[in-house]
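Chemist: Using the working numbering, count along the sequence shown one by one with no gaps and you end on 498. Glycine included, every Cβ here is placed at the ideal spot set by N, Cα and C.
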Amino acid sequence: MNYPIKKVVILGKSSAGLLSAVTLKHFFPQLQILLLYSHKYAPIGVGESTTAWFPQFLHEYLNISHQEFYQAIWPVWKLGIKFEWGVPEISHFNYTFDQPFRYDSQDLSKTPGFYCMYDMQQASRYSILMDKLHAPLLDNGQGNIKILTDGFGYHIDIDKLINYLSQKAISMGVQIQQMEVLDAELDQVGNIKLLHCEQDVKVAANLFIDCSGFKSQLLNGVCQTKFIPYNHRLFCDSAIVGSCQRQTNPIHPFTTATTMKSGWRWRIDLKDKISFGYVYSSSFCSQDTAIQEYLQLTPNTTDNLRKISFKSGRYQKFWVNNVIAIGNASGFVEPLESTGQHMILETLWRVVLALQDSELSPSGKLIDATNDYIGDLWDEICDFLTLHFKFNRQLNTPFWQHCHNETDLGNLQNLVDLYQDSGVCRAISHLIPKSSIFEIDGYLTLLCGQKLPVKSLQPLLENNKLEWMNYRQSIQKSVLTSLNPHQAFQILEKFWSSIP
């Protein structure tokens, strides 16, 4: 690779490609960036639900204003995931982004996690807001609002996001050109020297960013990088995806994950429409059966109904010589925890740090260390997802029986053993990866929410019941003036329209 890096070519006009362009141009404005795309390979159109890292990265790291982003896209606030999951006698549990297990209160004689083993309902502000179908915004009574800063994700219309990022990238000086890449020419050590494109066009650069989706045209097709599959641990490999236009029904400020016979179904509320998807295992369910089951629950969601096939896993390295793969070109796990956009930004951030630290001249060892970091994150996501499938007992179909019996917890087996022996305890934190995406709140939410049996658990004492009731009532009072998303949108629109 010729150092320092001066020219970057990005392959693919997906959210991964455009976020790569905007991010690199923001942190390295001196770079010449060319984005190439082919009309033959349109983005798959999912990834509409994010983690809390997505808005944080856009607004704090890229300095994109809330007003600019909201007026272009109008994302719906995502407080967490409503899991219709776990034991049959409980309808659902809320996985929230406001870290409910870390609250410290003088009103409780034990940590919140202790009480959540018995009853996790409305254990935090976000959980209460989710049950109310309210956004993380409070009305001060004077027409202004206060936004809760506990961290929330977004529901985003992916087409609007791509249009916005395209305009943003062009305004920053990124060149975007429709041109199909046919082949690549390598030098003696395996770096890409030239891309051979249609009409005999040749494109040279120092660094190539592969955002070609599942095709992984450069990382897999050219560099022949080894793929590490997760399908022996995560069994879903297909999805039926559809949507419907919003009528007058309220907006849900959370993603819903509903247990289905051969997998699960998502619901993602946008401002103007609702997206649904049935993620299933083709080993246990045919496409026709999946569509039939999907339409039984969501009969009016046939807009753009389509099937998506995928393989769960990651490439051994996302960065090989002068090729970096971002998004689905580097790895994919099924979307139960909405980690697609998260891993795009996490990978980009690690690339930015490596390029900053090396003054755009990264060494082989720095690239190896960055590969190891991102590989560990992918493996943690896989481990974390196994918790969802191993212990969900909502249905007892052949698929779920297989999940119960065959799901390998990997690195989490010791954590689960400790929890089932001793319940919520501080020692659990030592068994969670140091750079965890989900952190201790995510793991405890899954363990408590799915009601994993705890050997040492005794009946809750009456004074503890009273403490927990009073604690939750105090949380309820703190969000009495919350707004639903429609109300919040109206106030924001009125406020921003008044700004010259």
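May I have the straight-line CA-CA distance separating S434 from S210, to the nearest angstrom?
Modeler: Here residue 434 refers to the residue found at position 436 of the sequence shown. Here residue 210 refers to the residue found at position 212 of the sequence shown. If I take the Cα positions, the gap works out to 27 Å.
Chemist: Could you pull the DSSP bridge partners for N92 from this structure?
Modeler: One-based indexing of the sequence shown puts residue 92 at position 94. Answer is K80.
Chemist: Since S480 sits in a beta bridge, which residues does DSSP pair it with?
Modeler: As a working note, residue 480 is residue 482 in the sequence shown. DSSP output for S480 lists L136 as bridge partner(s).
Chemist: Quick check: M115 and C446, are their CB atoms within less than 8 Å of each other?
Modeler: As a first step, residue 115 is located in the sequence shown; it is residue number 117 there, counting from the start. As a first step, residue 446 is located in the sequence shown; it is residue number 448 there, counting from the start. Going by C-beta atoms, M115 is nearer than 8 Å to C446.
Chemist: Can you name the residues that DSSP bridges to K463?
Modeler: For the purposes of this step, residue 463 is taken as the residue at position 465 of the sequence shown. According to DSSP, K463 bridges with nothing at all.
Chemist: Please classify P451 as buried or exposed, where buried requires at least 16 other C-beta atoms within 10 Å of its C-beta.
Modeler: The sequence position of residue 451 within the sequence shown is 453, counting from 1. When all chains shown are included, P451 counts as exposed.
Chemist: Can you give, in chain order, each stretch of the alpha helix (DSSP H) that sits fully within the region 286 to 363 and has at least 4 residues?
Modeler: You should have 338 to 355.
Chemist: Is the beta carbon of E82 closer than 8 Å to that of I156?
Modeler: Against the sequence shown, residue 156 aligns to sequence position 158. Against the sequence shown, residue 82 aligns to sequence position 84. Contact flag unset, no.
Chemist: How is the alpha helix (DSSP H) around K38 delimited, first residue to last?
Modeler: Residue 38 sits at position 40 when you count from the first residue of the sequence shown. Run containing K38: none; DSSP gives neither H nor E here.
Chemist: Along the alpha helix (DSSP H) that carries A255, what are the first and last residues, could you check?
Modeler: Start at 1 with the first residue of the sequence shown, and residue 255 comes out as number 257. Where A255 is concerned, there is no enclosing alpha helix (DSSP H), although the beta strand (DSSP E) it sits in stretches over 253 to 258.
Chemist: Residues in its own chain within less than 7 Å of P396 by CB, not counting five upstream and five downstream?
Modeler: Locating residue 396 in the sequence shown gives position 398, where the first residue counts as 1. Same-chain partners within the cutoff: F282.
Chemist: Give the single residue among N0, E58, A50 whose Cα lies nearest to the Cα of F25.
Modeler: One-based indexing of the sequence shown puts residue 25 at position 27. Selected option, being the one with the closest Cα: E58.
Chemist: Examine the Cβ distances between the region 448 to 466 and the region 103 to 118 and report whether three or more of them are shorter than 8 Å.
Modeler: Touching, yes, given that three or more Cβ pairs across the two stretches are closer than 8 Å.
Chemist: Give me the residue from V179, Q186, I190 with the minimum Cα distance to V199.
Modeler: For the purposes of this step, residue 199 is identified with residue 201 of the sequence shown, where counting begins at 1. Out of V179, Q186, I190, V179 has the C-alpha closest to the C-alpha of V199.
Chemist: Look at P227 and K315 and say whether their C-beta atoms are less than 8 Å apart.
Modeler: The residue you call residue 227 lines up with position 229 of the sequence shown. The residue you call residue 315 lines up with position 317 of the sequence shown. No, the pair does not count as a contact, with Cβ atoms beyond the cut-off.
Chemist: Just verifying my parser: in three-state terms, what is the DSSP assignment at W274?
Modeler: Taking the first residue of the sequence shown as 1, we reach residue 274 at position 276. Sequence inspection shows Phe at residue 274; the Trp mentioned does not correspond to that position. Strand.
Chemist: Among residues of its own chain, excluding the 5 on either side of F382, which ones have a beta-carbon nearer than 8 Å to its beta-carbon?
Modeler: Walking along the sequence shown from the start, residue 382 turns up at place 384. So the qualifying residues of the chain are E335, L410, I435, F436, G440, Y441, L444.
Chemist: Counting C-beta neighbours from all protein chains within 10 Å, is the total for Y1 16 or more, i.e. buried, or is it exposed?
Modeler: Here residue 1 refers to the residue found at position 3 when the sequence shown is read from its first residue. Y1 should be labelled exposed.
Chemist: What's the C-alpha gap between L205 and F389?
Modeler: For the purposes of this step, residue 205 is taken as the residue at position 207 of the sequence shown. For the purposes of this step, residue 389 is taken as the residue at position 391 of the sequence shown. Between L205 and F389, the C-alpha separation is close to 44 Å.
Chemist: Tell me the DSSP bridge mates of A182?
Modeler: As a first step, residue 182 must be located in the sequence shown, where it is residue number 184. Answer is L193, bridged to A182.
Chemist: Between which two residues does the beta strand (DSSP E) carrying L16 extend?
Modeler: On the sequence shown, residue 16 is found 18 positions in, with the first residue counted as 1. Unbroken run through L16 is the alpha helix (DSSP H), 13 to 25; no beta strand (DSSP E).
Chemist: Taking the Cβ atom as the reference point for each residue, do S122 and P98 lie within a distance shorter than 8 Å?
Modeler: Position 124 of the sequence shown, counted from the start, is the residue given in the question as residue 122. Position 100 of the sequence shown, counted from the start, is the residue given in the question as residue 98. Going by C-beta atoms, S122 is nearer than 8 Å to P98.
Chemist: Compute the beta-carbon to beta-carbon distance between L530 and M341, rounded to the nearest angstrom, for a pair I have assumed lies under 8 Å.
Modeler: Shown here, the chain extends from -1 to 498; a query on residue 530 therefore has no answer.
Chemist: Closest by CA to M170, which one among T337, M128, T21?
Modeler: Taking the sequence shown and counting its residues from 1, one reaches residue 170 at position 172. The shortest Cα separation from M170 among T337, M128, T21 belongs to T21.
Chemist: If I'm right that F52 touches L343 with Cβ under 8 Å, what's the distance once you round it to whole angstroms?
Modeler: Taking the first residue of the sequence shown as 1, we reach residue 52 at position 54. Taking the first residue of the sequence shown as 1, we reach residue 343 at position 345. The pair is a contact, with the Cβ atoms about 6 Å apart (cut-off 8 Å).
Chemist: May I ask you to report which of helix, strand or coil DSSP gives R244?
Modeler: If you number the sequence shown from 1, residue 244 lands on position 246. The answer is coil: DSSP assigns R244 none of H, G, I, E or B.
Chemist: For the alpha helix (DSSP H) that P53 lies in, which residues bound it at each end?
Modeler: Looking up residue 53 in the sequence shown gives position 55. Run containing P53: 51 to 54, per the alpha helix (DSSP H) assignment.
Chemist: In terms of residues, what are the limits of the beta strand (DSSP E) holding Q173?
Modeler: Stepping through the sequence shown from its first residue, residue 173 is reached at position 175. 173 to 176 is the span of the beta strand (DSSP E), which, as asked, contains Q173.
Chemist: Determine the direct distance from the alpha carbon of D377 to that of N161, and round the result to whole angstroms.
Modeler: Here the question's residue 161 lines up with position 163 in the sequence shown. Here the question's residue 377 lines up with position 379 in the sequence shown. Going by the C-alpha atoms only, they are around 32 Å apart.
Chemist: Is P86 helix, strand or coil when you go by DSSP?
Modeler: Along the sequence shown, read from residue 1 onward, the residue named residue 86 stands at position 88. Reduced to three states, the DSSP call for P86 is coil.
Chemist: For the putative contact between A133 and A486, defined by C-beta atoms under 8 Å, what is the C-beta separation to the nearest angstrom?
Modeler: One-based indexing of the sequence shown puts residue 133 at position 135. One-based indexing of the sequence shown puts residue 486 at position 488. 5 Å between Cβ atoms; contact.
Chemist: In chain order, which continuous runs of the alpha helix (DSSP H) of length 4 or greater are located wholly inside the region 102 to 163?
Modeler: List check, alpha helix (DSSP H) in window: 110 to 114, 123 to 130.
Chemist: Within 10 angstroms of its Cβ, does H37 collect 16 or more other Cβ (buried), or is it exposed?
Modeler: As a first step, residue 37 must be located in the sequence shown, where it is residue number 39. Label assigned to H37: exposed.
Chemist: Output yes or no for whether 8 Å exceeds the beta carbon distance between K76 and T253.
Modeler: Within the sequence shown, residue 76 is the residue found at index 78, counting from 1. Within the sequence shown, residue 253 is the residue found at index 255, counting from 1. Against a cut-off of 8 Å, the Cβ pair of T253 and K76 comes out as a contact.
Chemist: Suppose you measure from the CA of T287 to the CA of Q471; what does that come to, to the nearest Å?
Modeler: Locating residue 287 in the sequence shown gives position 289, where the first residue counts as 1. Locating residue 471 in the sequence shown gives position 473, where the first residue counts as 1. Each residue's alpha carbon lies about 45 Å from the other.
Chemist: Apply the 10 Å Cβ neighbour rule to S284 and answer buried if 16 or more other Cβ atoms are within range, or exposed otherwise.
Modeler: On the sequence shown, position 286 is the one that residue 284 refers to. It counts as exposed.
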